[in-house]
Every structure is written in structure tokens, then in C-alpha cells.
């Protein structure tokens, strides 16, 4: 599908979606509450079939966080980026690990590094950080570590 | 190395494998629940070699951060560098001279062969055959010598920079590669004689670690591990970068979905890499090896994503720029991290001894997983 067709198809699925263009791929901004339902449709819709979540990450903008999902379709080979803005205080969004199993590990990483709570995640525990880690989330911009050198 | 750490309510034993275990090829810690010999659950615990590379990159300039990426997947360091250079070039719209493009691909493919050689030796050693390791290292050594002569390093080359390559190739470069191809072709049949055709080896691989096509896609498995499950995912074919679209080579696919299929993909892939090298080595174009770039690189405000095919799968660099000299946020989508997430699914219900075959054919490199 071309970008225009993708845009039309996604507007049909979620009229509230806001599009951004100019980048490499078309970007769709969605509200956290709409995300899980849209994700299910993106995966299932026979003409979209976004079955490959190849990158899942988070960006700390100091005032808020942004979840970024890169999606690919192994059948049609079209790509989109989904973004969702989360509050800096107690950020939370529905998990998509029931749709794309790869999200399980990626969401655990974002959970420990950014403190995003993934609602209904089957196994939301620390993955990379040592057990019992408390305090600030390491990937946030205001994280300071007096012992280990992180900023060069 | 393997010790009991507890029991579940059903009486299943929980054991540690690693983090210091020779079969995990690094500091991977697996907590495994077993019932007798049967695996019920595999839980990876990561982070023993986590160096927060993504965080460090936020304070490194676009010329500096490439050097850190060599330390992630140290067996594909050229290809990691390549991805970062391509991503920066995409942001700055730099045209890379064709001489640099060809040299980059030659080095990428040599790296891929070297990585698969190491995997083959180590994998056979995991399954109890010690000899193949020395055979594999004989050929890998020849590649390392080429790298050493041209790049000045054997493992973390840091030779690819935004705009091209760091310096011109060594005068012996082409001859050395031709000698290597000759050596490789005379020795590759030994691999099949020693390991591939071995009935004990085949029995340990066939039907072990089944991963269906749908699951491979859902778990985000890429690279040879996914192509063994018949997923067409070679980035060089699907989203060609550099000059891969002008080269003749086949995407290697197997339909077995088991460890043996993944094994065969890598063995056949080495021959495809040789094919690519043979097309390029004789006519490396003359000209500049680096485009003219400013001393200080500033990416425009925006987002840039570049995916490449490393020896282990799809490697992605995601740069978020605010217009400064350093990235605002950088994310490395490492193939090993996603591939590892499928291990639990693959291993459930199989025997503990088969876990080594599964980890071997996923080709895990731990610094690549932890980053």
C-alpha cells in the first residue's frame, strides 16, 4: 500500500488518528486508550496485516514520554510508525504482547528503563537491571549516577 | 555452573544455567524449570554485560558514537558500523562514493563469513565435537588477517565512518581476498564431511527447537534463525541498502523450521557471501574513498531509521535528533534480543540436552542482547 492508501485505511479504523508526514515512513499519533484496539485491527485487517513489530521503544521528552512502535508487514512490505504520548507522572499504556509476542521482552525493557506501566502485561518484571533495583529509571533524562560514568 | 536453586509447588526443579557457562557463549543467565529431563520453562535474566550504550550515545557526537556500536555485536562490528553510518548519511543526505560502497560491502560479507565460521565451530563444540572449532578458525583467521591489514584491527574495526571509509584499502587487499576465496573453496567440503553429514549430529538437530513461521514473525525473530522457518526477511533483499539491489545473490530459505534448518541456512549463506565477494573484488571502482563532509556533523531535527542485515538478523538504528551535534535519543534494535525471546517458546517440552542445540542455532551473542 502507498502512504495515501495506508492513511485512508487507518482513518477508517480510527477516525481520531493524527498523521505526520515528511519522515521515512508515515507516522500515526494515537491516544493511549485507543492503542490496543487499533493494534488488534492493524494485525488482523487482511489488507494491512502488520504482523512484524520490529522496533518498540520510548523517548523521554522531559514534559512527557512518547511510545514508538515500528510496524512492518511481511506480506505487503509496508511500514508505519505508531506514536502515543504518555504523561510523565505514572505513565501507563495497554500491552500489545498478546498481539505481537516480541513485545513481551521489549515492553519489559521499556518498563525498567523508563518506568512505563504496561497494563495487562503477563510478566512485567525487571529484565536487564539487577533484581531489587529501586529509584530512578536509568534511561530518563534526569537520571544521575554518581558512581558509574554514563555521561561522557 | 548448573545448580539447583529451588523447587516449584509441583515438585519441578528450578536450576540456573549460567551466567558462567561455556555453552551460553558469554554471560547469559537462564533460570530453567525442569521436570526430570523435560524443560517446562526457560527464563532469561539479562544485564550481566549491559553497558547502557544507548544512554552513552546521547552524549557522543555523530562521529564518535559509531565506535561504541562495534562493541555490541562484536562478530558483526563492521555491519553495525555500517548501519550507523548509513543512518547518519540518510539524515545529512551524503552521497557516498562508489569506491567506498563496494569496499563496505566486501567487508560486510567477509564479516558475515567470519561470524558464521565462528558460529559453526562453536556450535559443533557445544554438541560435543571439538575438532570443527579448529577447522573453522583456520579460515576465520585468514579473514581476520585481511581485516587487520586494511582496518588495523581484528575484531572491532571501526573502519566505516559517515561519508565512506576511514582510509583507503591496503594494496594487498584484493589479492588477499582472492587467496581467501581459493582457501575457502578448497576447505568448505570438509565442513559437510565433518559435521553436516554426520548422523549423530543430524539426530541431535532434526526436529529439535521447532519454531513455526507464524511464531517466528510474531516473536520478531530475524536473520538465519527466521529464514530456517521460511520467513523471507533478508534485509539485503527486502529493503536493499547500499548497492545490494545491483548484486546477484539468493536469499537462503529453508522450510524445516527446526535446528537443522537454521544450521543449513547459515552454511548455504556463506556460499552466497562468497558469490557477492566474487562479483565485486575484481573491479573496485577508482576514486575517493570518502565523501567531503563537515568536521562537525549536525543532523537536522527529525527521526531516522536504518535497518541492515547482520550475521544474526535485522539490526536497526533509530536516531531521534533535535538538531544538535549529539543524538537526543538513540535506539539499537538488536537481532539477538528478539531472537532470544523465542527461546522459551521453542524449548518448552524438549529435553534439557537439546537446549544447547537451540541456543547454538539462534547464534546468541550476549553483548548484542544486553547492549
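Chains as they are written, first to last, in the working numbering: chain A, -16 to 135; chain B, 617 to 987. No residue lacks a Cβ here, since even glycine has one placed at the ideal position from N, Cα and C. Note that the structure is predicted; figures quoted are calculated from it, not measured.
- Nearest in C-alpha terms to residue 871 of chain B, of all of B:731, B:943 and B:843, is B:843.
- If you look at residue 737 of chain B, you'll find it in the alpha helix (DSSP H) that goes 714 to 742.
- Neighbourhood of residue 945 of chain B in chain A, by CB distance below 7 Å: 42, in chain order.
- By the Cβ rule, the segment 846 to 864 of chain B does not count as touching the segment 807 to 824 of chain B, because fewer than three pairs are nearer than 8 Å.
- Non-local C-beta neighbours of residue 748 of chain B in its own chain, meaning closer than 6 Å and more than five positions away in sequence, comprise 737, 740, 810 and 811, ordered along the chain.
- The residues 632, 633, 634, 635, 660, 661, 662 and 664, in chain order, have a CB closer than 8 Å to that of residue 645 of chain B in the same chain once the five nearest residues on each side in sequence are set aside.
- Pairwise C-beta distances place the segment 67 to 83 of chain A in contact with the segment 3 to 14 of chain A, as three or more of them are shorter than 8 Å.
- With the criterion set as a beta carbon lying under 8 Å from some beta carbon of chain B, the members of the segment 17 to 46 of chain A are 34, 35, 36, 37, 38, 40, 42 and 43, in sequence order.
- For residue 949 of chain B, the chain A residues whose C-beta falls within less than 7 Å of its own C-beta are 37 and 38, listed in chain order.
- By the neighbour-count criterion, in which 16 or more other beta carbons inside 10 Å mark a residue as buried, residue 30 of chain A falls on the exposed side.
- Fewer than three beta-carbon pairs drawn from the segment 21 to 40 of chain A and the segment 98 to 105 of chain A are found closer than 8 Å, and the two stretches are therefore not classed as touching.
- In the structure shown, the three-state DSSP call for residue 645 of chain B is strand.
- Note that the C-beta distance between residue 937 of chain B and residue 913 of chain B is not below 8 Å.
- Taken through DSSP and simplified to helix, strand or coil, residue 952 of chain B comes out as helix.
- By the criterion of a C-beta distance shorter than 6 Å, residue 678 of chain B is surrounded in its chain by 704 and 913, once the five residues flanking it on both sides are discounted.
- With 16 or more other Cβ atoms inside 10 Å of its own Cβ, residue 36 of chain A counts as buried.
- Within the segment 889 to 940 of chain B, the complete beta strand (DSSP E) segments of 3 residues or longer fall at 918 to 925 and 930 to 937, listed in chain order.
- Looking at the backbone, the Cα of residue 874 of chain B and that of residue 710 of chain B are separated by about 43 Å.
- In this structure, residue 17 of chain A keeps its C-beta atom at 8 Å or more from the C-beta atom of residue 32 of chain A.
- According to the DSSP assignment, residue 86 of chain A belongs to the alpha helix (DSSP H) that extends over 86 to 97.
- Only residues of its own chain outside the window of five on either side were considered, and among them 9, 31, 61 and 63 have a CB closer than 8 Å to the CB of residue -11 of chain A, listed in chain order.
- The residues 74, 120 and 123, in chain order, have a CB closer than 8 Å to that of residue 98 of chain A in the same chain once the five nearest residues on each side in sequence are set aside.
- Taking residue 774 of chain B as reference, the option from B:681, B:941 and B:928 with the minimal CA-CA separation is B:681.
- Distance from the CA atom of residue 712 of chain B to the CA atom of residue 699 of chain B, rounded to whole angstroms, is 14 Å.
- Counting only the Cα atoms, residue 792 of chain B lies some 12 Å from residue 898 of chain B.
- In the structure shown, residue 849 of chain B falls within a coil segment according to DSSP collapsed to helix, strand and coil.
- Here residue 40 of chain A is not near residue 944 of chain B, since their CB atoms are 8 Å or more apart.
- For residue 102 of chain A, the enclosing beta strand (DSSP E) covers residues 100 to 102.
- For residue 977 of chain B, there is no enclosing beta strand (DSSP E); the residue is found in the alpha helix (DSSP H) stretching over 971 to 978.
- When B:732, B:724 and B:947 are compared, the shortest CA-CA separation from residue 804 of chain B is found for B:732.
- For residue 27 of chain A, the uninterrupted alpha helix (DSSP H) run begins and ends at 15 to 27, by DSSP.
- Selection A:89, A:5, A:55 and A:109 evaluated against residue -16 of chain A yields A:55 as nearest (Cα-Cα).
- Under the criterion of beta carbons closer than 8 Å, residue 77 of chain A and residue 19 of chain A qualify as touching, at roughly 4 Å.
- Residue 62 of chain A: member of the beta strand (DSSP E) spanning 62 to 70, first to last residue.
- Comparing C-alpha distances from residue 716 of chain B to each of B:981, B:954, B:956 and B:903 shows the shortest one belongs to B:903.
- Residue 788 of chain B is classed as exposed because its beta carbon has fewer than 16 other beta carbons within 10 Å across all chains shown.
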